[in-house]
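In full-length UniProt numbering, the protein residues as written are 1 to 343. Single-structure report; data block below.
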Amino acid sequence: MVDPFRLLGLIISKALSWRSYIDPKAILHLAVVACGDRTNETLVMLKSAVIFTSTKLHCHIFAETELHFGFRQQIDSWPASVHDKLSYTIYPIMYPPGENSQEWKKLFRPCASQRLFLPEILTDVDSLLYVDTDILFLSPMENLWNFFSAMNSTQLAALAPEHEVKSIGWYNRFARHPYYGETGLNSGIMLMNLTRLRAFHFQNKIIPYYKEYKMKLTWGDQDLLNILFHFYPERLLMFPCEWNYRPDHCMYMQNCKSAETHGVRMVHGCRRVFFNEKQPAFKAIYQSIEQYKFDTNISLLLEGMKAKMEEPDTKASRCGQVANMFLKQVESIVRKESVTTAP
Numbered sequence: 001m002v003d004p005f006r007l008l009g010l011i012i013s014k015a016l017s018w019r020s021y022i023d024p025k026a027i028l029h030l031a032v033v034a035c036g037d038r039t040n041e042t043l044v045m046l047k048s049a050v051i052f053t054s055t056k057l058h059c060h061i062f063a064e065t066e067l068h069f070g071f072r073q074q075i076d077s078w079p080a081s082v083h084d085k086l087s088y089t090i091y092p093i094m095y096p097p098g099e100n101s102q103e104w105k106k107l108f109r110p111c112a113s114q115r116l117f118l119p120e121i122l123t124d125v126d127s128l129l130y131v132d133t134d135i136l137f138l139s140p141m142e143n144l145w146n147f148f149s150a151m152n153s154t155q156l157a158a159l160a161p162e163h164e165v166k167s168i169g170w171y172n173r174f175a176r177h178p179y180y181g182e183t184g185l186n187s188g189i190m191l192m193n194l195t196r197l198r199a200f201h202f203q204n205k206i207i208p209y210y211k212e213y214k215m216k217l218t219w220g221d222q223d224l225l226n227i228l229f230h231f232y233p234e235r236l237l238m239f240p241c242e243w244n245y246r247p248d249h250c251m252y253m254q255n256c257k258s259a260e261t262h263g264v265r266m267v268h269g270c271r272r273v274f275f276n277e278k279q280p281a282f283k284a285i286y287q288s289i290e291q292y293k294f295d296t297n298i299s300l301l302l303e304g305m306k307a308k309m310e311e312p313d314t315k316a317s318r319c320g321q322v323a324n325m326f327l328k329q330v331e332s333i334v335r336k337e338s339v340t341t342a343p
């Protein structure tokens with residue numbers, strides 16, 4: 001008997017593609033889930049991916065139906081040069097038959113749990129990068145994609161740690177359920193080998209964990225991933241915090257060593273720091289990308305970031321004091337572009 005959930009995914013995947021088909025071997029797949037007021041934040045995330053990624057990119061956007069028109073209108077208004085690189089598909093929010101959709105939808109941030117069911121929806125996709133809406137790229141997506149090649153034959157996903165230091169860790173101090181390793185996992189940026197996840201029967205394992213632990217979950221789908229990889233640690237590859245840099249890495253003390261060496265490659269603006277005044281360095285990066293105009297020199301983006309980082313409130317903040325880490329990757333890209341365009 002055909003699984004109706006999988007069949008629905010195939011139908012929607014074919015019916016809602018708004019761009020021409022691109023050879024899947026020549027494209028990177030990005031997935032995001034957006035509900036409520038997250039449309040603009042999602043668009044800025046996608047804009048950052050396009051700015052820094054040279055490979056062709058297909059974005060799978062899962063969103064409430066009333067948001068679809070706004071996404072299409074905004075993305076379709078971007079210049080032709082963007083669409084030479086970017087294609088996208090928009091899907092409705094959907095959960096497996098027999099499951100309480102409203103309960104899953106309200107698990108932590110609205111709709112975030114949708115990501116747990118991507119393997120059985122995107123059945124024609126081998127691998128993808130899932131990101132939360134509050135993510136910004138500061139380096140090419142293809143560099144993170146290379147971690148797929150670093151996976152051994154049993155690993156099926158890659159994530160960053162939730163914390164680097166146990167003294168400020170959340171899971172090791174407060175979790176009421178099993179979690180991965182010493183300090184747990186942060187799920188905001190996740191490489192997913194969907195082929196392996198399907199073979200592993202990932203969905204059939206996650207749902208029972210939810211039913212067993214749902215009264216003990218604080219961070220929703222992230223907690224469920226922690227539970228699963230606690231029991232299957234050999235299935236996970238870890239990547240360093242420079243690929244998932246959050247306020248926790250600089251608001252108390254500097255505790256992401258890899259970012260000190262290589263710079264911040266991806267920014268995670270959790271707790272709405274792109275929009276409030278609590279972490280002005282994160283807000284500065286977001287606003288710089290939001291205001292940057294496609295088809296202009298990327299050096300202008302760097303200049304905008306530097307100017308905002310020099311503002312007094314930003315410069316005085318703990319995270320603003322390591323502005324060089326936020327700028328390092330962008331500066332490297334600007335230098336390379338200046339060399340390639342030199343007469």
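The C-beta atom is built at its ideal place from N, Cα and C for all residues, glycine as well.
Of the candidates Phe62, Leu237, Gly181, the residue whose Cα lies closest to the Cα of Phe148 is Leu237. Taken in chain order, the unbroken stretches of beta strand (DSSP E) that lie wholly in the stretch 95-148 and span 3 residues or more are 127-131, 135-137.
Look at Ala281 here: in three-state DSSP terms it is helix. The residue among Ile61, His58, Leu43, His201 with its C-alpha nearest the C-alpha of Glu120 is His201. Going by beta carbons, Val44 and Tyr286 fall inside the 8 Å limit.
Residue environment for Asp37: exposed (fewer than 16 other C-beta atoms within 10 angstroms of its C-beta).
The alpha-carbon of Ala112 is positioned some 18 Å away from that of Asn204. Per the Cβ contact rule, the stretch 242-258 is in contact with the stretch 152-172 (3 or more Cβ pairs under 8 Å). Bridge pairing for Asn186: Ala160 [DSSP].
Met266 is positioned such that its CB atom lies closer than 8 Å to that of Phe137. In the pairwise beta carbon analysis, the stretch 305-320 is classified as not touching the stretch 67-75: fewer than three pairs are separated by under 8 Å.
Bounds of any alpha helix (DSSP H) do not take in Met238; it lies within the beta strand (DSSP E) bounded by 236-238. DSSP places Ala34 in the uninterrupted beta strand (DSSP E) bounded by 27-34.
The continuous alpha helix (DSSP H) containing His230 extends over residues 221-231. For His201, there is no enclosing alpha helix (DSSP H), as DSSP marks it with neither H nor E. For Asn193, the three-state secondary structure derived from DSSP is strand.
Tyr245 is bridged by DSSP to Val267. In this structure, Ala281 lies away from Ala316, with their beta-carbon atoms at least 8 Å apart. Counted as a single uninterrupted DSSP element, the alpha helix (DSSP H) harbouring Glu337 occupies residues 323-340. Within its own chain, the residues whose Cβ lies closer than 7 Å to the Cβ of Met251, once the five positions on either side in sequence are excluded, are Gln279, Arg318, Cys319, listed in chain order. For the pair Arg196 and Leu144, the CB atoms are not nearer than the 8 Å cut-off. The C-beta of Ala307 has fewer than 16 other C-beta atoms within 10 Å across all chains shown, which makes the residue exposed. Each residue's CA atom was taken as its position, placing Val330 and His262 some 11 Å apart. Here the C-alpha atom of Tyr179 lies approximately 11 Å from the C-alpha atom of Tyr232. Collapsing the DSSP output to three states places Met253 in coil. When Cys270, Ala259, Pro97 are compared, the shortest CA-CA separation from Lys328 is found for Ala259. Assignment of Asp295 by DSSP, reduced to helix, strand and coil, places it in the coil class.
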